[in-house]
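Since the structure comes first, as structure tokens, the remarks are kept for the end.
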Amino acid sequence: MTRGKWLAALCLVPFTLFFIVFEIAPLVWVMINSLQSEESGWGLANFSKIFGSKFYRQAIQYSLEISFWSSVFGIIIAVLGAYSLRRVDSKLRNFVNAFANMTSNFAGVPLAFAFIILLGFNGSITIMLKQSGIIQDFNLYSKTGLIILYTYFQIPLGVLLLYPAFDALREDWRESAALLGANGWQFWRHIGLPVLTPALLGTFVILLANALGAYATVYALTTGNFNVLPIRIAAMVSGDISLDPNLASALAVVLVALMTIVTVVHQLLLKRSYHVSR
Numbered sequence: 001m002t003r004g005k006w007l008a009a010l011c012l013v014p015f016t017l018f019f020i021v022f023e024i025a026p027l028v029w030v031m032i033n034s035l036q037s038e039e040s041g042w043g044l045a046n047f048s049k050i051f052g053s054k055f056y057r058q059a060i061q062y063s064l065e066i067s068f069w070s071s072v073f074g075i076i077i078a079v080l081g082a083y084s085l086r087r088v089d090s091k092l093r094n095f096v097n098a099f100a101n102m103t104s105n106f107a108g109v110p111l112a113f114a115f116i117i118l119l120g121f122n123g124s125i126t127i128m129l130k131q132s133g134i135i136q137d138f139n140l141y142s143k144t145g146l147i148i149l150y151t152y153f154q155i156p157l158g159v160l161l162l163y164p165a166f167d168a169l170r171e172d173w174r175e176s177a178a179l180l181g182a183n184g185w186q187f188w189r190h191i192g193l194p195v196l197t198p199a200l201l202g203t204f205v206i207l208l209a210n211a212l213g214a215y216a217t218v219y220a221l222t223t224g225n226f227n228v229l230p231i232r233i234a235a236m237v238s239g240d241i242s243l244d245p246n247l248a249s250a251l252a253v254v255l256v257a258l259m260t261i262v263t264v265v266h267q268l269l270l271k272r273s274y275h276v277s278r
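Position one of the sequence shown corresponds to residue 1 (UniProt numbering), numbered consecutively onward.
This is the structure in structure tokens:
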């Protein structure tokens with residue numbers, strides 16, 4: 001038994017090294033550099049500059065708004081889609097799962113180009129909607145357009161994450177509830193949603209993190225002209241005019257802090273959920 005434990009610990013060494021080199025070390029490096037400033041030396045000057053500037057506060061606000069609403073819309077559609085897949089034939093279910101797996105990786109430049117063709121100023125869908133009188137104008141490169149774009153790549157990821165969660169709902173629970181006089185709404189209110197709450201909260205946090213860190217798609221769509229945190233961080237690192245890696249590190253720390261707050265809130269809600277408490 002002791003030999004087996006040592007063998008298991010030895011197998012963890014590559015993972016531990018990978019985790020330290022590619023996760024812990026970069027995070028420590030970013031946090032150290034965030035406290036350095038070419039003008040003021042060591043201190044919180046970078047963070048004072050961030051929160052004292054309307055430009056950077058707007059980047060934080062836009063990142064949070066786009067991530068939150070795209071995650072909300074994405075998880076609502078994903079819940080409906082995942083539940084529907086549990087009720088259909090296995091062949092169609094397998095096809096949709098495979099398609100969701102493929103589209104969850106369809107991002108970056110190809111996705112931006114596809115949306116420009118479909119929903120750009122002269123996109124095919126935009127022109128059809130204008131000719132039908134449904135809309136007067138639509139700007140894909142605005143905050144609303146980005147929410148729609150982000151929602152697109154949130155949906156397949158949400159479906160893949162929530163699909164296994166519906167295995168926790170047993171059919172005999174529905175039948176028992178019906179025998180006791182419960183209707184569909186009462187079943188979901190008192191049984192279905194409480195059981196799915198941990199999966200819903202966990203999926204929402206993952207979708208939020210997925211949207212907060214998205215860079216390639218929004219950069220390809222707006223050529224870096226939309227003010228969100230990943231664009232600002234990249235501009236500070238690779239920009240020819242506004243090169244400031246220390247300020248970029250501070251922005252990255254702010255991004256990490258936002259995700260930490262979301263994760264802590266998620267854990268607190270998870271502990272209070274019906275499923276965990278039982």
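Don't be surprised by glycine CBs; every beta carbon is placed ideally from N, CA and C.
Identity of the residues DSSP links to residue i by a beta bridge
i, result
"TRP42", "GLN36"
Integer-rounded CB distance, given that residue j should sit under 8 Å from residue i
i, j, result
"THR263", "VAL195", "About 22 Å; that fails the 8 Å criterion."
"LEU119", "LEU140", "5 Å"
"THR151", "PHE55", "That pair is no contact at about 26 Å."
"PHE226", "VAL237", "Not confirmed; about 17 Å, so no contact."
"THR126", "PHE138", "5 Å"
DSSP-derived helix/strand/coil call for residue i
i, result
"VAL228", "coil"
"PHE113", "helix"
"THR16", "helix"
"GLY181", "coil"
"TYR215", "coil"
"THR197", "helix"
"SER48", "helix"
"residue 281", "Lying before the first or after the last residue shown, residue 281 is absent from the chain, which here runs from 1 to 278."
"PHE106", "coil"
"ARG93", "helix"
"LEU269", "helix"
"SER249", "helix"
"SER176", "helix"
"VAL276", "No answer about VAL276 holds up, because its pLDDT of 45 lies below 50 and its placement is not dependable."
"ASP167", "helix"
"SER238", "helix"
"THR223", "coil"
"LEU7", "helix"
"LEU243", "coil"
Beta-carbon gap between residue i and residue j smaller than 8 Å
i, j, result
"ALA216", "ILE233", "no"
"SER104", "LEU157", "yes"
"ALA250", "SER242", "no"
"LEU207", "ILE32", "no"
"ASN210", "GLN154", "yes"
"LEU201", "SER63", "no"
"LEU92", "PHE115", "no"
"GLY108", "ALA220", "yes"
"PHE19", "TYR83", "no"
"ALA100", "LEU35", "no"
"PHE187", "ARG170", "no"
"VAL96", "VAL253", "no"
"ASN246", "SER37", "yes"
"LEU212", "SER67", "yes"
"LYS143", "GLU65", "yes"
"ILE117", "SER124", "yes"
Range of the contiguous alpha helix (DSSP H) that encloses residue i
i, result
"GLN136", "Segment: none, GLN136 is in no alpha helix (DSSP H) and carries neither H nor E."
"GLU23", "Here GLU23 belongs to no alpha helix (DSSP H), and DSSP marks it neither H nor E."
"TYR62", "54-86"
"ILE148", "143-162"
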